[in-house]
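Here's the structure, in structure tokens; my notes come after.
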Amino acid sequence: MARRGGAAALLALALLLAALARQAAFAGAPRGRAPPSARAPDAAAASARRYRSIQSPEAAGLLETGEWAYLDVRRPDEQQAVGVPELPEYGAGLHTVTSHVVPWEEWLPQVESTFPDKGQKLIVGCAAGVRSKAAAQVLEGAGYTSVLELDDGYNGWRASGLPARMP
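Here's what the structure looks like:
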């Protein structure tokens, strides 16, 4: 009887290990058309990443210095519907290069033509901080060295009471 209980425990352990292996294999599977640099990072990649996620009040303070540019990856119709951050006129400005509408291979050259200096300080934002993370990873993979990502997105910007305007 004890032998049958031990066999059942071994079978349960084997099934658990198989399920974990399937889950790990699925987690590493490619997603959509984004390149490997735009996929969700594993633990080692997350610790090696250079970009940092920040909240809207910190982003507003950095943009006030005039050294940082705001790269909005939302679609123009999203901007028209709810607005854009209002930035100081003396700064590096607000630039729109919509992501997730074209493949990353087409998006990146558009960004590179807007920001040929890969040392340009960039804050990447979207509506809620999802698309901006993927865009920041792509920028980092392309050699941009000063990339911050707006974790709470434009929604957080507005919720924080920061200045906004209609485009």
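Numbering-wise, the sequence shown is residues 1 to 167 according to the UniProt record's numbering.
Cβ coordinates follow ideal geometry from the N, Cα and C atoms, glycine included.
Residue from Gly-143, Ala-92, Gly-91, Pro-88 whose Cα sits closest to the Cα of Pro-109: Gly-143
Going by CA-CA distance only, name the one from Gly-61, Leu-71, Asp-77 that's closest to Arg-133. Checking the sequence shown, residue 133 turns out to be Lys, not Arg. Selected option, being the one with the closest Cα: Leu-71.
Secondary structure of Leu-94, DSSP reduced to three states: strand
Taking Cβ to Cβ, would you say Val-101 is nearer than 8 Å to Leu-139? no
Going by beta carbon distance, what residues of the same chain come within less than 7 Å of Glu-64, once the five residues before and after it are set aside? Pro-88
First and last residue of the beta strand (DSSP E) that includes Ala-69? 68-72
Going by other Cβ atoms of all chains shown within 10 Å of its Cβ, with 16 needed for buried, is Gly-153 buried or exposed? buried
Name the two residues that bound the continuous alpha helix (DSSP H) containing Val-147. Segment 147-150 is the beta strand (DSSP E) holding Val-147; no alpha helix (DSSP H) there.
Taking DSSP as the reference, what is the three-state secondary structure of Pro-85? strand
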